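Scroll down for the structure; my scribbles are underneath it.
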Amino acid sequence: MATTTTASSSDFIRDIIDDDLRRCAVSTVATRFPPEPNGYLHIGHAKSVCLNFGIAAQYSGVCNLRMDDTDPSGESLEFVDSIMKDIRWLGFDWRDRLFYASDYFEKLYEFAVELIKNGDAYVCELNADQIREYRGTFTEPGRQSPWRSRSVEENLDLFARMRAGEFPDGSRVLRAKIDMASPNIVMRDPVIYRIKRQPHYRTGMDWVIYPMYDFAHCLSDAIEGITHSICTLEFENNRPLYDWFVEKLIQGKRPRQIEFARLNLSYTVLSKRVLIELVRRGIVSGWDDPRMPTVAGMRRRGYTPAAIRAFCSVIGVAKNDNLVDVSVLEHCVRDDLNEHAPRAMAVLRPLKVIIENYPEDRVEELEAPNHPRNPEMGTRTVPFSRVLYVECDDFMEDPPKKFHRLAPGREVRLRNAYVIQCREAVKDPATGEVTELRCTYDPDTLEGPPSDGRKIKGVIHWVSAEHAVAAEVRVYDRLFMVPEPLDGDGDFTGHLNPDSRKILNPCFLERSLADAAAGDRYQFERLGYFCVDDRDSTEKRPVFNRVVSLRDSWEKIAARGD
RNA sequence: UGGGGCGUCGUCAAGCGGUAAGACACAGGAUUUUGGUUCCUGCAUUCGGAGGUUCGAAUCCUCCCGCCCCAGCCA
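At position 124 of the first sequence the residue is numbered 155 (the working numbering), and the sequence of numbers has no breaks.
Here it is as structure tokens:
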């Protein structure tokens, strides 16, 4: 049964919302997904997207897409575009509710002025090092800035001049006047505006001062009428500050912040810093490298939106630190593709087979079902002829007993075709390498098993050499060899999997695959799911990416050895 | 170390005082022209630990232990 639903069982956030609704604390639900456009979305973001948009849909509310673009360094239109593309691809729609924190700069400035007027903020001339020093430590309270008790007038004047560009970068900041002795360091007069002469990708040079996250985020939520502001656990310490700003500046309905545990995935890394490093150092080919846990990477790899949604649903939402096994993701991908991907035959590592008793000039068109359990997906025709290719792995000269494939003297079923028997393995006299198999076929076995009752245990895939389509196939595996690549000193380079990408060329595909279009997904029978690469495929030579292998119980048996 | 948060199967995760859901993984078996799929079966006498309250505790109380987050003019 495919778990392609997004049916969201309940979780502690939905419980809170249910309760808020019951108490009439809110009448309709409004959430938001607030990425900073300084990188590509990854599977962790996808969890948040599914959560926020999923809740909005479930409660007939709204979910805003808001670019949290309050720090111009690193932010760009490229990222805005990729974020929007990824969210749409995941299957969510913000309709006309696209917002930018940068659109609120004027409004936020007014909020800051209001804070100053109420004696709740001041312009501080300590430099960054001094501010850190004055902040104190976990165990010692901070000290008050010497600039803390300026008059409202002076603060108003100074803040206006900060905006006007009269002071150099870093020379002054606006700080909230809260409590330098607070046990919560976040509350020790946090900086809310800094001077930064950096062009903003949307506001250009209009501003030289930019609001900080803690100030901008909660007020943006309030401006947009967000009811439930869902974020990750590391912001839990910031919640008192979130509430402080909102209480000081917002009357009426106030948004509420709820934190959940961010996703960690085994054998991969979701840190923005590391992802950037992988791209910059050329360890991967780009943000959309099929090995990347980015939405763009997974899309190119061939993962489906439904599979990713199912994954986000099945892992749940809670506050426990977690490390979700990547096998859960792979299961969701297989589950979806098993149901929807048409079957085809492809030989990745070709070994030539001559059917000695099959006429040279004969070609049969054999009918093959596109899906074993779903006849509605139809059939296609595959050409059979005297010279075929089979998978190298499907022949062993001296096989163990449980090896149900080709070996000298052994019989095997060719999928959708005849039973053949291996008569001889032809070797290269120089290397001893098997270059060709000489086989015979049993003409009576097309429709069923041999009439004499011989049991044929093995079934292998094949393609007709003459009709085959040559292609490049890229076989991907996990990027890292250990479950937690950042464990220890955080140096992941020693854990990189050298075999995370194997390029196989030429591979031979059955004729029908000549029509495959970019992005199409197939199951190559007995091998796995494969997707036409939309960047590197050419008319002459298609490129397929392996999405995920099939479960392979033979691998387990073989690994045990016998 | 001060503050904030979290500890339920190998991994996620339900559970909200009435006697431990489900998923992945793993292990058996059945069916199978994919060693795939599907279908059965098994997999926490116990919930970080120790006390206590109660007829009854993973759920309430006390103490202890462990892990994560916070000292950016990042988000």
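Glycine included, C-beta positions come from ideal geometry on N, C-alpha and C. All figures in this text were calculated on a predicted structure; none of them were measured in a lab.
{"Item": "Neighbourhood of F142 by C-beta distance below 7 Å, restricted to the same chain and skipping five residues each side", "Value": "L250 and L280"}
{"Item": "Residues of its chain near P537, where Cβ-Cβ distance is below 6 Å and the 5 sequence neighbours each way are ignored", "Value": "A501"}
{"Item": "Those residues which DSSP pairs with Q554 across a bridge", "Value": "R374 and Y560"}
{"Item": "The stretch 540-547 touching the stretch 373-387, judged by at least three CB pairs closer than 8 Å", "Value": "yes"}
{"Item": "8 Å CB neighbourhood of E361 in its chain, flanking five on each side removed", "Value": "V579"}
{"Item": "Nearest residue (CA-CA) to C343, options G122, D51 and R591", "Value": "G122"}
{"Item": "Validate contact between the stretch 148-162 and the stretch 202-219 using beta carbons, cut 8 Å, 3 pairs", "Value": "yes"}
{"Item": "Opening and closing residue of the beta strand (DSSP E) in which A247 lies", "Value": "Run containing A247: none in the beta strand (DSSP E); it sits in the alpha helix (DSSP H), Y244 to E255."}
{"Item": "N-terminal and C-terminal residue of the alpha helix (DSSP H) that Y224 is part of", "Value": "Here Y224 belongs to no alpha helix (DSSP H); instead the beta strand (DSSP E) covers V222 to I226."}
{"Item": "Where the beta strand (DSSP E) containing F575 begins and where it ends", "Value": "V574 to S580"}
{"Item": "Option in N447, L264, V359 and N388 with minimal Cα separation from H402", "Value": "N447"}
{"Item": "Sequence-distant residues of the same chain with beta carbon closer than 6 Å to N186, five excluded per side", "Value": "I147, Y153 and V154"}
{"Item": "Rounded straight-line distance, which links the Cα of Y420 to that of C262", "Value": "54 Å"}
{"Item": "Contained alpha helix (DSSP H) runs [length at least 4] in the stretch 249-318, N- to C-terminal order", "Value": "270-280 and 303-311"}
{"Item": "Cβ shell of L517 (< 8 Å), same chain only, five flanking positions each side left out", "Value": "V300, S302, V305 and F523"}
{"Item": "Buried versus exposed call for E442 [16 or more other C-beta atoms within 10 Å across all chains shown]", "Value": "buried"}
{"Item": "Whole-number beta carbon distance between A132 and T101, since they are thought to touch under 8 Å", "Value": "5 Å"}
{"Item": "Euclidean distance between Cα positions of I216 and D245", "Value": "13 Å"}
{"Item": "For V465 and T383, the rounded distance between their alpha carbons", "Value": "Inspection of the sequence shows that residue 383 is occupied by Lys rather than by Thr. Roughly 10 Å between the two C-alpha positions."}
{"Item": "Chain-order list of residues whose beta-carbon lies under 6 Å from that of T325 (same chain, five-residue window excluded)", "Value": "Y71, H73 and W318"}
{"Item": "Per-residue DSSP class, three states only, for P381", "Value": "strand"}
{"Item": "CA-to-CA distance, T234 to P573, given in whole angstroms", "Value": "44 Å"}
{"Item": "With 16 other Cβ atoms within 10 Å as the buried cut-off, status of I226", "Value": "buried"}
{"Item": "Backbone secondary structure at N186 - three-state DSSP", "Value": "helix"}
{"Item": "At least 3 beta-carbon pairs within less than 8 Å: the stretch 108-126 vs the stretch 72-86", "Value": "yes"}
{"Item": "Pair within 8 Å by beta-carbon distance, Q452 and T476", "Value": "no"}
{"Item": "Limits of the unbroken alpha helix (DSSP H) element including R330", "Value": "V326 to R332"}
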